[in-house]
Amino acid sequence: MRTHLCGELRAVHEGERVRVCGWVARRREHGEHLAFVDLRDHTGLVQCVVDGSVDVRTEWVVAVEGTVRGRPAGTHNPDLPTGEVELGDCAVTVLNRAEPPPFPLDERADTDEATRLRYRYVDIRRVRMQRNLRLRAAMVAAMRRAMDDQGFCEVETPLLWTPTPEGAREFAVPSRLHHGDFYVLPQSPQIAKQLLMVGGVDRYYQIARCLRDEDLRADRQFEFTQLDIEMSFVEPADVYAAVSRAVTAALAAAARVDGGGAPRARDAGSAGADRSGAANRRSEVPADEAYRMLGQITGSSDDVPDDLVVTLTWREAMDRYGTDKPDLRIPQALVDLSAVFAGSEVRAFQAPVVKGLRHPGGASLGRNRLDGLVDQAKQLGAKGLAWFKVAGSVGDLQLESPLAKFLSDAERDAMVAAAGAAPGDLVVAVADEWRTACEVLGALRLDLGRMPVSEGGRRLCWVTEFPLFDGIDDDGRLAAAHHPFTMPHPDDLDLLGSDPLAVRSLAYDLVLNGWELGSGSIRVHREDVQRRIFDALGIAVEEAEARFGFLLGAFRYGAPPHGGFAVGVDRLVALAAGEENIREVIAFPKTQSGTDPMTGAPKPLGPRQLRELGLPPRPVG
RNA sequence: GGUCCUGUGGUGCAGUUUGGAGUGCACGCCGGCCUGUCAAGCCGGAGGUCGCGGGUUCAAAUCCCGUCAGGACCGCCA
């Protein structure tokens, strides 16, 4: 039906008679003797010249047969890759008419997302979505290649799984053959992949769809995709290495797609897409930056600053950034002011820990903004927030603050020094339990320093040694931070009985610019250790058998030491695409309330179907 | 479950603070003109339940209450 793609036509094709197919991006008519039709397909846009009038409209589907020719002098279009040439002597065949699109496909337009989702099939025709979907495909292909090259075996695991009362809420699927019983859709292939290790697969991966019935966010959909990995006979460093190769391969592939490889999706559609705000929000990763990162992550390059990729323990991350997923693009870190205020008369500072944060230039913040910060701190669980505007000059500092008159000169100078503050800065401080103080200031740090995803470069870090347990759950029992099969840190095994909350684990996260890209752990493979963890969690033997029987059973038949990881593909692609939310890299996402404006899902089931599934009829009213 | 933002012809906005006629801008759409445009240009035209419901008022896009939808976040979540 076609001989060429629109976006590939160049001067080398001059003289060739070609046939291209696509959608009418625009039509420019100059009376009855001359008309221009810009034809668009997924590779780009080419100008077709019709000697006469032509009955086509925007978004009609047409085939154009024409002769490639150089454009007359002075009519080249430098905004188009095909701008040196055009199709002349065109014969236009209308393959299908189309109603005017419900919103402009032009990249400059900024359309309400609900409308875009309702007509997603039209939205996908736009350059942005074409580019994002191709970027995603290229990154997934690169990850597959990286895993294959490292000797991993791709295995599919069931979508119809068994309920496991652990972790996230699950989507339930009623059984037609066993009324009253349910399958669930997997939150992740976690248990299945561990069984594959028992099965001797040794190195497993899967581009796996995961489903969690939890409230949606900019970075969370009901269904999302993970590069799921599990490996036998490994230590954490082996997992880091395997994951790093896949992630850096994906980022390098993204750089190639985005940074100059052919075809360049951004050239499709309208000319001059660079002028659009939407286009400017995207980041273009130059290939050399991706390779620089690759060198960093694998440790194979010496000429890059060490802080591009860092490894932090969970405790360090909390202490310095107040979160387990630090955005390292923000230079400010939390500082400990406990020593400064150890003997303070300020009652508010008499707490286990006083932490501070410098906000450069923050002395200019108005009272409203400051009150807002105080409210925010309280909402996050702090008893209050102290703020100090630093004024004066070095050697003669003054503080502007409700608390200023209660501070001694020594305290004032020590605080300013500890915070690294200078006149014109703001210092905020929280006195509380260590974790609360860190988390509150961590949230404020993000609020004060947040930047668009496409700015500030890419700052990857591994966060390691997460706590094994994460406080007390609603039933008064200890809760597993990761999942109950996470291996305790070998140095902390003795604390399992005495001080479980202090036990570190061999669980780790990969974090990029404040986004949690993935997480994993070394798993428990020995029954005695597993029993001690269940003991600490308050899970009786019978209960453990009931909930995880088949896994524990499998572990009795020769479980190798193993561990793994899962990379959030949607988030990785979104970051590479410079998108603020993952819906932009998913073809058919759900809205925040979990609906699909295009299909109308979720919808009621008919009475016959309900009966077959053994479900009660829908209540009326 | 909660906090905040948004909702005005097909699209994107202004108008809402301080109530006074559905007023305006840009794009698109329809018709006409136009032989080198490329976000074509020029002329004309059509198109509105100001998300929905209630209240206050002589009068509501505007103020109040409720509700729905979309989004950001908290809770929740590997």
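Numbering-wise, the first sequence is residues 753 to 1373 according to the numbering used here.
Note that CB positions come from ideal geometry on N, CA and C, so glycine has one too.
These figures come from a predicted structure and were not determined experimentally.
Review point. Should the region 958 to 969 be regarded as contacting the region 853 to 867, the criterion being three or more beta carbon pairs within less than 8 Å?
Key: no
Practice item. Starting from Gly1108, follow the alpha helix (DSSP H) in both directions and report where the run begins and ends. Key: Position 356 of the first sequence, counted from the start, is the residue given in the question as residue 1108. Premise fails: Gly1108 lies in the beta strand (DSSP E), 1105 to 1111, not in any alpha helix (DSSP H).
Review point. In chain order, what residues of the same chain have a beta carbon less than 7 Å from the beta carbon of Leu1137, not counting five sequence neighbours either side?
Key: Position 385 of the first sequence, counted from the first residue, corresponds to residue 1137. The beta carbon of Leu1137 is closer than 7 Å to those of Leu1125, Val1126, Ala1129, Val1180, Val1182 in its chain, skipping five residues each way along the sequence.
Exercise for review: Alpha carbon to alpha carbon, how far is Val798 from Asp831? Give it in angstroms, no decimals.
Suggested key: The count along the first sequence starts at 1 and reaches residue 831 at position 79. The count along the first sequence starts at 1 and reaches residue 798 at position 46. CA-CA distance, Asp831 to Val798, rounds to 12 Å.
Point to revise | Reduced DSSP category for Glu975 - H, G, I as helix; E, B as strand; rest coil | key: Residue mapping note: residue 975 aligns to position 223 of the first sequence, counting from 1. Residue state, collapsed to three classes: strand.
Exercise for review: Below 7 Å CB to CB, which residues in the same chain sit around Leu963 once its five sequence neighbours on both sides are set aside?
Suggested key: For the purposes of this step, residue 963 is taken as the residue at position 211 of the first sequence. The residues are Phe923, Leu937, Pro938, Gln939, Phe974, Glu975.
Point to revise | For Ala890 and Ala1002, the rounded distance between their alpha carbons | key: Position 250 of the first sequence, counted from the start, is the residue given in the question as residue 1002. Position 138 of the first sequence, counted from the start, is the residue given in the question as residue 890. One C-alpha to the other measures close to 8 Å.
Check your understanding: Does the distance from the CB of Gly1194 to the CB of Gly1108 come in under 8 Å?
Key -> As a working note, residue 1194 is residue 442 in the first sequence. As a working note, residue 1108 is residue 356 in the first sequence. Contact: no.
Exercise for review: With a floor of 3 residues, list each beta strand (DSSP E) that falls wholly inside the region 1232 to 1293, ordered by position along the chain.
Suggested key: 1259 to 1264, 1267 to 1274
Review point. Sorted by chain position, which residues of the same chain lie with C-beta nearer than 6 Å to Leu1149's C-beta, five sequence neighbours on each side aside?
Key: On the first sequence, residue 1149 is found 397 positions in, with the first residue counted as 1. Only Val1168 meet the Cβ criterion.
Check your understanding: Val1142 and Glu1332: beta carbons closer than 8 Å?
Key -> The sequence position of residue 1142 within the first sequence is 390, counting from 1. The sequence position of residue 1332 within the first sequence is 580, counting from 1. No.
Check your understanding: Do Val802 and Arg787 come within 8 Å of each other at the CB atom, strictly closer than that value?
Key -> Locating residue 787 in the first sequence gives position 35, counting from the first residue. Locating residue 802 in the first sequence gives position 50, counting from the first residue. Sequence inspection shows Ala at residue 787; the Arg mentioned does not correspond to that position. Yes, these two residues count as a Cβ contact at 8 Å.
**Study point:** Closest Cα partner of His1234 within the set Thr1216, Ser1250, Pro1242
**Key:** On the first sequence, residue 1234 is found 482 positions in, with the first residue counted as 1. The residue among Thr1216, Ser1250, Pro1242 with its C-alpha nearest the C-alpha of His1234 is Thr1216.
Check your understanding: Taking the runs of the beta strand (DSSP E) that are 3 residues or longer, which of them lie wholly in the region 1103 to 1168?
Key -> Taken in chain order, the complete beta strand (DSSP E) segments of 3 residues or longer contained in the region 1103 to 1168 are 1105 to 1111, 1138 to 1145, 1148 to 1152.
Exercise for review: Keeping to the same chain, check which residues put their C-beta closer than 6 Å to that of Pro1356; ignore five residues upstream and five downstream.
Suggested key: Here residue 1356 corresponds to residue number 604 of the first sequence, with the count starting at 1. So the qualifying residues of the chain are Arg1370.
Exercise for review: Quick one: residues in its chain with C-beta nearer than 6 Å to the C-beta of Arg1284, no 5 flanking neighbours on either side, listed in chain order?
Suggested key: If you number the first sequence from 1, residue 1284 lands on position 532. Counting only Cβ-Cβ distances below 6 Å, and skipping sequence neighbours, we find Leu1248.
Review point. According to DSSP, what are the bridge partners of Leu761?
Key: By one-based count along the first sequence, residue 761 stands at place 9. Beta bridge pairing from DSSP links Leu761 with no other residue.
Review point. Since Tyr1309 sits in a beta bridge, which residues does DSSP pair it with?
Key: Along the first sequence, one-based indexing puts residue 1309 at 557. The partner list for Tyr1309 (beta bridge, DSSP) is empty, contrary to what the question assumes.
Check your understanding: For Ile943, which residues of its own chain have a beta-carbon under 6 Å away from its beta-carbon, when the five flanking residues on both sides are left out?
Key -> Here residue 943 is taken as the residue at index 191 of the first sequence, counted from 1. Contacts found: Leu1303.
Check your understanding: Short check: CB of Leu1086 to CB of Asp1071, under 8 Å?
Key -> Within the first sequence, residue 1086 is the residue found at index 334, counting from 1. Within the first sequence, residue 1071 is the residue found at index 319, counting from 1. Cβ distance < 8 Å, so Leu1086 and Asp1071 count as in contact.
Point to revise | Which of helix, strand or coil DSSP assigns to Leu857 | key: As a first step, residue 857 must be located in the first sequence, where it is residue number 105. Coil, per DSSP.
Point to revise | Collapsed DSSP secondary structure at Gly1366 in the structure displayed | key: Along the first sequence, one-based indexing puts residue 1366 at 614. Gly1366 falls in the coil class under three-state DSSP.
Practice item. Name the two residues that bound the continuous beta strand (DSSP E) containing Glu838. Key: Indexing the first sequence from 1 puts residue 838 at position 86. Counting along the chain, the beta strand (DSSP E) containing Glu838 begins and ends at 837 to 848.
Point to revise | Residue nearest to Asp862 in terms of C-alpha spacing, selected from Pro941, Asp1280, Leu1155, Asp875 | key: Numbered from 1 along the first sequence, position 110 holds the residue referred to as residue 862. The shortest C-alpha to C-alpha distance from Asp862 to any of Pro941, Asp1280, Leu1155, Asp875 is the one to Asp875.
Check your understanding: Relative to the alpha-carbon of Asp954, which residue among Val907, Tyr935, Leu912 has its alpha-carbon at the smallest distance?
Key -> Taking the first residue of the first sequence as position 1, residue 954 is located at position 202. Comparing Cα-Cα distances from Asp954 to each of Val907, Tyr935, Leu912, the minimum goes to Val907.
Review point. Which residue or residues does DSSP assign as beta-bridge partners of Ala1219?
Key: In the first sequence, the residue the question calls residue 1219 occupies position 467. What sits at residue 1219 in the sequence shown is Pro, not Ala. In DSSP, Pro1219 forms a bridge with Arg1256.
Check your understanding: Hey, how far is the Cα of Thr755 from the Cα of Leu857?
Key -> To locate residue 755, count along the first sequence from 1; it is residue 3. To locate residue 857, count along the first sequence from 1; it is residue 105. Rounded to the nearest angstrom, the two C-alpha atoms are 26 Å apart.
**Study point:** Proximity winner among Thr795, Gly774, Ala894, relative to Arg849 (alpha-carbon distances)
**Key:** The residue you call residue 849 lines up with position 97 of the first sequence. Of Thr795, Gly774, Ala894, the residue nearest in Cα terms is Gly774.
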